[in-house]
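Q:
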Amino acid sequence: MDIKNLFSKVFNDEISDIHLCTGLPPMIRQVHGLFPWGDVILKSEDVMEILNEIIPSNIKIGKKFEKEIDLGIDFCGIRFRINIYEDRRGICAALRLIPQT
Numbered sequence: 045m046d047i048k049n050l051f052s053k054v055f056n057d058e059i060s061d062i063h064l065c066t067g068l069p070p071m072i073r074q075v076h077g078l079f080p081w082g083d084v085i086l087k088s089e090d091v092m093e094i095l096n097e098i099i100p101s102n103i104k105i106g107k108k109f110e111k112e113i114d115l116g117i118d119f120c121g122i123r124f125r126i127n128i129y130e131d132r133r134g135i136c137a138a139l140r141l142i143p144q145t
């Protein structure tokens with residue numbers, strides 16, 4: 045998955061959130077609701093790979109993820125708040141765009 049392409053889409057297409065969850069395609073939130081971005085179903089390894097690419101190097105997400113993490117990041121010049129958690133399917137993350145002022 046081209047995470048930089050997805051993040052630039054968020055910035056350019058008025059998308060407020062990205063949801064990454066094991067067993068589902070990436071989801072994007074726009075004004076009218078939540079929609080799939082593509083048709084690739086994410087595996088746990090995919091979510092971990094994406095998260096490990098964008099979060100600080102001192103935080104690594106692995107298969108034995110047992111806690112919830114909240115943090116803010118700047119990726120490709122775009123600021124996000126991220127909530128990483130685990131549900132019944134596996135690792136998930138909700139990324140919210142922090143608007144530029």
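For the record, in the sequence shown the residue sitting at position 46 is 90 according to our numbering, with numbers rising by one throughout. Where a beta carbon is used, it is the ideal one built from N, C-alpha and C, also for glycine.
With a threshold of 16 other CB atoms inside 10 Å of the CB of leucine 78, please say whether the residue is buried or exposed.
A: Position 34 of the sequence shown holds residue 78. Counting Cβ neighbours within 10 Å, leucine 78 comes out exposed, since fewer than 16 surround it.
Q: Does DSSP classify aspartate 118 as helix, strand or coil?
A: For the purposes of this step, residue 118 is identified with residue 74 of the sequence shown, where counting begins at 1. Residue state, collapsed to three classes: strand.
Q: What's the call for cysteine 65, buried or exposed, on a 16-neighbour Cβ count within 10 Å?
A: Along the sequence shown, one-based indexing puts residue 65 at 21. Buried: at least 16 other Cβ atoms inside 10 Å.
Q: Only counting the same chain, and skipping five residues up and downstream in sequence, which positions put a Cβ closer than 7 Å to that of leucine 87?
A: One-based indexing of the sequence shown puts residue 87 at position 43. The sequence shown places lysine at residue 87, rather than the leucine named in the question. The answer, listed in chain order, is Thr66.
Q: Can you tell me where the alpha helix (DSSP H) with aspartate 90 in it begins and where it stops?
A: For the purposes of this step, residue 90 is identified with residue 46 of the sequence shown, where counting begins at 1. Unbroken alpha helix (DSSP H) run through aspartate 90: 88 to 98.
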